[in-house]
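Be aware that the sequence shown starts at 28, since it is given in the numbering used here, and climbs by one per residue.
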Amino acid sequence: MNKILFRVLILVSIHANAQNPGYEIYALKYAAVSFTLPLSALVLDAPQKDSMHADFLIWLVKGNNRIVLVDAGFNSDIEDAKDFGVINFLRPDSVLFKLNLQAKDVTDIILTHPHWDHADGVDLFPNSQVWIQKEDYNYCVSGAWQKNGKKDYHKRVARKLLELNIAGRLTLVDGDNKEILPGISVYTGSRHTYNSQYVLVKTGSEKIILASDNAYTYYNVNHLKSAPKDATWDISGYIKAIVRMKTLASDTKFIIPGHDPLVFKNFPAVAEGVARIK
Ligand SMILES: [Zn+2]
Numbered sequence: 028m029n030k031i032l033f034r035v036l037i038l039v040s041i042h043a044n045a046q047n048p049g050y051e052i053y054a055l056k057y058a059a060v061s062f063t064l065p066l067s068a069l070v071l072d073a074p075q076k077d078s079m080h081a082d083f084l085i086w087l088v089k090g091n092n093r094i095v096l097v098d099a100g101f102n103s104d105i106e107d108a109k110d111f112g113v114i115n116f117l118r119p120d121s122v123l124f125k126l127n128l129q130a131k132d133v134t135d136i137i138l139t140h141p142h143w144d145h146a147d148g149v150d151l152f153p154n155s156q157v158w159i160q161k162e163d164y165n166y167c168v169s170g171a172w173q174k175n176g177k178k179d180y181h182k183r184v185a186r187k188l189l190e191l192n193i194a195g196r197l198t199l200v201d202g203d204n205k206e207i208l209p210g211i212s213v214y215t216g217s218r219h220t221y222n223s224q225y226v227l228v229k230t231g232s233e234k235i236i237l238a239s240d241n242a243y244t245y246y247n248v249n250h251l252k253s254a255p256k257d258a259t260w261d262i263s264g265y266i267k268a269i270v271r272m273k274t275l276a277s278d279t280k281f282i283i284p285g286h287d288p289l290v291f292k293n294f295p296a297v298a299e300g301v302a303r304i305k
């Protein structure tokens with residue numbers, strides 16, 4: 028190889044890395060549902076005989092001088108947790124110790140949606156800037172509590188988000204396909220909540236989607252026409268969003284669902300309840 032070509036290749040690779048900073052990506056389990064759920068409770072067309080365990084997860088993206096959480100989990104005193112017989116609870120900030128990190132290290136939290144099990148823990152991370160879709164935030168703190176509002180939100184979460192906004196720590200993201208941090212973009216369309224979002228991380232040559240509840244389980248990802256039960260404002264939008272995820276991710280295995288323990292079979296464990304996705 029001549030010297031000029033070699034230098035050009037080096038420059039191209041440096042440029043590519045500058046565009047796609049390298050990130051480490053982890054799934055962290057902080058609790059589980061104590062009972063087996065029929066899959067049909069979560070997915071409309073699931074076979075009646077199939078069942079699953081559900082985990083409560085957060086995801087961590089580390090690199091480029093950032094420690095980014097995708098979702099924040101919940102505090103164990105929230106009443107809704109009792110309905111799920113939550114077991115093996117570790118407060119979401121203490122789960123970070125498994126990666127030698129502390130709550131204060133978290134620079135950003137991307138909330139995929141403001142359901143209690145994804146957003147109540149947002150106050151555990153004092154130095155974080157929090158990112159949420161503008162329409163999702165507006166509905167959670169306002170429309171949801173009106174007479175005909177859909178009340179699948181928790182008042183405590185609405186208050187926490189309002190306080191974060193007043194404190195200047197909330198950034199409202201307005202719409203689909205927005206790169207909010209280098210190599211980290213958010214997408215909408217599934218309407219799990221009023222305008223939920225999922226996260227795409229570019230790292231090196233890979234594109235990894237942290238779907239959260241925009242794809243509840245691997246069953247949703249692997250069965251093209253599978254819709255969630257009672258978990259979207261727009262069933263066809265939810266299915267289309269998963270179809271779109273497959274065009275965005277560099278491999279279907281890099282679409283990471285919101286509550287499926289299979290993530291710990293599909294990726295290597297670096298500690299108990301911590302899977303290294305990338
Ligand atoms: Zn949810």
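For each residue, glycine too, the CB sits at the ideal point set by N, CA and C.
Bear in mind the structure is a predicted one, so any value in this text is a computation, not a measurement.
ask   = Based on the DSSP secondary-structure assignment, which residues constitute the bridge partners of K205?
value = V213
Contact check, G216 vs G264, beta carbons under 8 Å = It is a contact, given that the beta carbons lie within the stated cut-off.
inquiry  = Tell me the rounded alpha-carbon separation between V290 and L117.
reply    = For V290 and L117, the distance between alpha carbons rounds to 18 Å.
Distance, I94 Cα to V228 Cα = 13 Å
ask   = Can you find at least 3 beta carbon pairs, one from the segment 82-102 and one from the segment 143-150, that sit closer than 8 Å?
value = yes
message = For Y201, tell me which candidate among D107, P48, V70 and D163 has the shortest Cα-Cα distance.
response = Per the sequence shown, residue 201 should be read as Asp rather than Tyr. Closest by alpha carbon: D163.
request  = Only counting runs of 4 or more residues, tell me where the alpha helix (DSSP H) segments fall wholly within the segment 54-136, in order along the chain.
outcome  = 119-122
task = Could you check the C-alpha separation between P209 and K234 for me, to the nearest Å?
result = 13 Å
ask   = If you run the structure through DSSP and keep just helix, strand and coil, what is L373?
value = Coverage of the chain is limited to positions 28 through 305, which leaves residue 373 absent and any answer about it impossible.
query = Which class does L237 belong to by DSSP, given the choice of helix, strand or coil?
reply = strand
query = Which whole-angstrom value is the C-beta distance of N247 and S223, which I expect to be below 8 Å?
reply = That belief does not hold up - the Cβ atoms of N247 and S223 are roughly 14 Å apart, past 8 Å.
Delimiting residues of the beta strand (DSSP E) encompassing L191 = Taken as a continuous stretch (DSSP letters only), L191 belongs to no beta strand (DSSP E), being part of the alpha helix (DSSP H) at K182 to I193.
7 Å Cβ shell around A296 - same chain, five flanking residues per side excluded = The residues are A302.
message = My output table needs one value for I262: the three-state DSSP class, helix, strand or coil.
response = helix
ask   = I think L69 touches Y243, with their Cβ atoms under 8 Å apart; what is that distance to the nearest whole Å?
value = That belief holds up - the Cβ atoms of L69 and Y243 are roughly 5 Å apart, short of 8 Å.
key: Residue from F281, T259 and L87 whose Cα sits closest to the Cα of Y57   = L87
D257 CB to nearest heavy atom of ligand 1 below 7 Å = no
query = Any heavy atom of ligand 1 closer than 7 Å to the CB of H140?
reply = yes
query = With respect to 7 Å, is the separation between the Cβ of D240 and the closest non-hydrogen atom of ligand 1 below this value?
reply = yes
query = Hey, quick one: how far does the beta strand (DSSP E) through V200 stretch, first residue to last?
reply = In the DSSP annotation of this structure, the continuous segment of the beta strand (DSSP E) that includes V200 starts and ends at L197 to V200.
message = Considering only DSSP beta bridges, list what E162 is partnered with.
response = DSSP lists no partner for E162.
request  = Below 8 Å CB to CB, which residues in the same chain sit around F294 once its five sequence neighbours on both sides are set aside?
outcome  = A54, A302, R303 and I304
ask   = By Cβ distance below 8 Å, which residues in the same chain neighbour S67 in space, the five residues on each side in sequence not counted?
value = A73, P74, Q75, D77 and K256
query = Run through DSSP, which three-state label would R218 get?
reply = coil
query = Any heavy atom of ligand 2 closer than 7 Å to the Cβ of L275?
reply = Ligand 2 is absent from the structure shown, which contains only ligand 1.
ask   = Taking all protein chains shown into account, do 16 or more other C-beta atoms lie within 10 angstroms of the C-beta of S232, making it buried, or fewer, making it exposed?
value = exposed
ask   = I304 by DSSP, collapsed to three states: which one?
value = coil
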